[in-house]
Amino acid sequence: MKSMDGYSPIVFNENDELLMLNQLLLPKEKQYIKAKTVEEVCKAIKDMVIRGAPLIGITAAFGLYLGIKDSQTKDEFLDRFESSVGCLSKTRPTAVNLFYALDRMKSVVEEKIDILPLYKLINKLRATAFTIWEEQKGQDERIGLFGAEFLKGKRRILTHCNTGSLATGGIGTALGIIKTMHRMGLLDIVYVDETRPYLQGARLTAFELKEEGIPFKIVTDNSCGMLARAKLMDAVIVGADRIARNGDTANKIGTYCLANMSRRHNITFVVAAPESTIDRSISSAGDIPIEERSQDEVLNCGGVRVAPDGSEALNFSFDITDSELIDAIITEKGVYRYPYGF
Ligand code: MRU
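Per the working numbering: the sequence shown ends with 426, consecutive numbering throughout.
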C-alpha cells in the first residue's frame, strides 16, 4: 500500500475495490477504508474521508464504475449510470473536477453505447477512471515545473489547506510546485497554515512535507498579517476548487484574506490548478456554488466541544478571490497572468 512517494490516497485493486486512505485520521493513523458500492464512495466523499478537488473527481469516476459494473442489460446500465451520477453529484458542490470527471465518463457512454457490447463498455469506463488519474499525475508534474520556474528567487512560501498528493493523487498542484522547488534547491521554508476547521494544513500538508523532508513551520490561520509585516514570506501559493472564465477563484475558506494581505504587502500570490478546474461555463465567481458544512465542525475542535452550549456557527467551506488579486494562475499548459480570459 505504501508507494515510493508515501501513502497513495486511493488504491483501486483487481477485485474492483476502492481503498481510500482515511484523511480524517491522518497523520495519527494510516487506515484505508474499503468501498465496493457507489453509495459507499458518495459517503466517503461527503464525509471528507478523501478530499481535494482533483482527487474528488478521480474517486467519483471509480465510484461511478462501481455503480454500473454489475449491470446485466443496457437498460439496467443506463438506469444505474443515471442514479450513480445523481448520488455522486450531490456530494461536494464547489469542486468542479467532480463534474469534469463525471462528464468524461458520460461522454464515453454517449460515444460507445451503440457500438460496444456491454461488458466492453463497462471495461472502458474502468479504464477511463484510471486514465483520468494518470492524466492528473502528468498535469501535476507540469504545474510543478512551470511554478518553480515562475517563482525562481522566491524561497519562502506560505501555502493554505492541502493541495498535495492527498488532494490530487499525483505530486499535487500548489504543493507540487513547492515539492518541485525543493527538489531543484529553490526553497528555504514553507509556512503551512492550520486551515480550520479540518486542519488540512496542520495535519495533511505537514504530513506530506515531513515525508518529503521539506523544511516547514505550521502557523495559525491568522498569522499571515504578522508574517507579511515581518517580511518572512516571498510568495503565497494556493490551489483552487473552481476558476471562472475571468479568473475569479473559489478555494478553501481563508484564501481571500491571504490574497488581500499579499497584495497589500507586495507578496506574489499564485493559484495552481489543472485546466479541469477551470469552469468555462461561468463568466465570473457569482455563479460558483459555495459549500456550507455542519456548524459542529466549527463549534468543536479535535472532537472536543469548545464553544458554549447554544452557540451557532457559520461554516462556509470556500471563499472567492477576485481575479485582480491573483498574480498568476498556473496550469499544466503554462503561466497565465491577469487579466485572465479562459
Ligand atoms: O475541502 P477540501 O479539503 O476538499 O478543500 C480543498 C481545497 O480547497 C484545496 O485547496 C483545493 O481543492 C485544491 S486541491 C489540489
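Where a beta carbon is used, it is the ideal one built from N, C-alpha and C, also for glycine.
How far does the beta strand (DSSP E) with residue i in it reach, from first residue to last?
i	result
Ala412	412 to 415
Gly141	Gly141 -> not in any beta strand (DSSP E); alpha helix (DSSP H) instead, spanning 137 to 152.
Gly418	418 to 421
Are there any heavy atoms of the ligand MRU lying less than 7 Å away from the beta-carbon of residue i, as far as the coordinates show?
i	result
Ala286	no
Lys336	yes
Val180	no
Thr257	yes
Tyr275	no
Ala251	yes
Arg135	yes
Val125	no
Gly309	no
Could you tell me whether the Cβ atoms of residue i and residue j are closer together than 8 Å?
i	j	result
Arg347	Phe426	no
Leu139	Thr252	yes
Leu150	Leu209	no
Asn414	Ile227	Position check: residue 414 holds Ile in this sequence, whereas Asn was assumed. For Ile414 and Ile227, yes; Cβs fall inside 8 Å.
Thr279	Thr333	no
Asn306	Ser368	no
Lys263	Ile206	no
Ser360	Asn181	yes
Val320	Leu342	yes
Phe234	Lys336	no
Leu148	Val133	no
Glu292	Gly248	yes
Ile351	Ala391	no
Ala213	Ala145	yes
Ile142	Trp217	yes
Ser173	Phe183	yes
Note down the Cα distance separating residue i from residue j, rounded to an integer number of angstroms.
i	j	result
Gly386	Ala286	12 Å
Asn344	Asp224	26 Å
Ile302	Ile273	11 Å
Met85	Tyr116	Residue confidence for Met85 is low, a pLDDT of 41 falling below 50, so the modelled location carries little weight; the figure read from the coordinates is stated next. If you take the alpha carbons of Met85 and Tyr116, they lie about 9 Å apart.
Leu353	Tyr282	Just to set this straight, residue 353 is Phe in the shown sequence, not Leu. Those two C-alpha atoms are separated by around 23 Å.
Ile153	Met104	Going by the sequence as given, residue 153 is Lys instead of Ile. Cα to Cα, Lys153 sits roughly 19 Å from Met104.
Lys294	Ser155	44 Å
Lys204	Met310	58 Å
Met88	Asp393	Reliability fails at Met88, whose pLDDT of 37 lies under 50, so the model's placement of it is uncertain and the value that follows must be treated cautiously. The straight-line gap from Cα to Cα measures roughly 46 Å.
Asp198	Val192	11 Å
Gly418	Glu296	25 Å
Tyr420	Asn97	38 Å
Kindly indicate which residue of the options has the alpha-carbon position closest to the one of residue i.
i	options	result
Ile261	Arg280, Glu278, Asp393, Gly323	Gly323
Ala128	Ile94, Arg389, Gln156, Gly231	Ile94
Leu229	Ser395, Leu270, Asp154	Leu270
Leu383	Glu194, Leu311, Pro373, Ala397	Ala397
Val276	Glu113, His244, Asn181	His244
Glu376	Tyr420, Ala179, Gly256, Leu250	Ala179
Leu409	Tyr420, Gly370, Tyr340	Tyr340
Asp380	Ile374, Asn246, Val388	Val388
Ala211	Ala314, Ala185, Glu123, Gly370	Ala185
Closer than 7 Å: is that where the CB of residue i sits relative to any heavy atom of the ligand ADP?
i	result
Thr247	In terms of ligand content, the structure shown lacks the ligand ADP and carries the ligand MRU instead.
Span of the alpha helix (DSSP H) holding residue i?
i	result
Val125	122 to 130
Met265	258 to 267
Arg188	180 to 196
Asp159	158 to 173
Asp432	The requested residue 432 is not part of the displayed model; the chain covers only 85 to 426.
Asp371	No alpha helix (DSSP H) holds Asp371; DSSP gives it neither H nor E.
Ala290	290 to 296
Ala343	339 to 348
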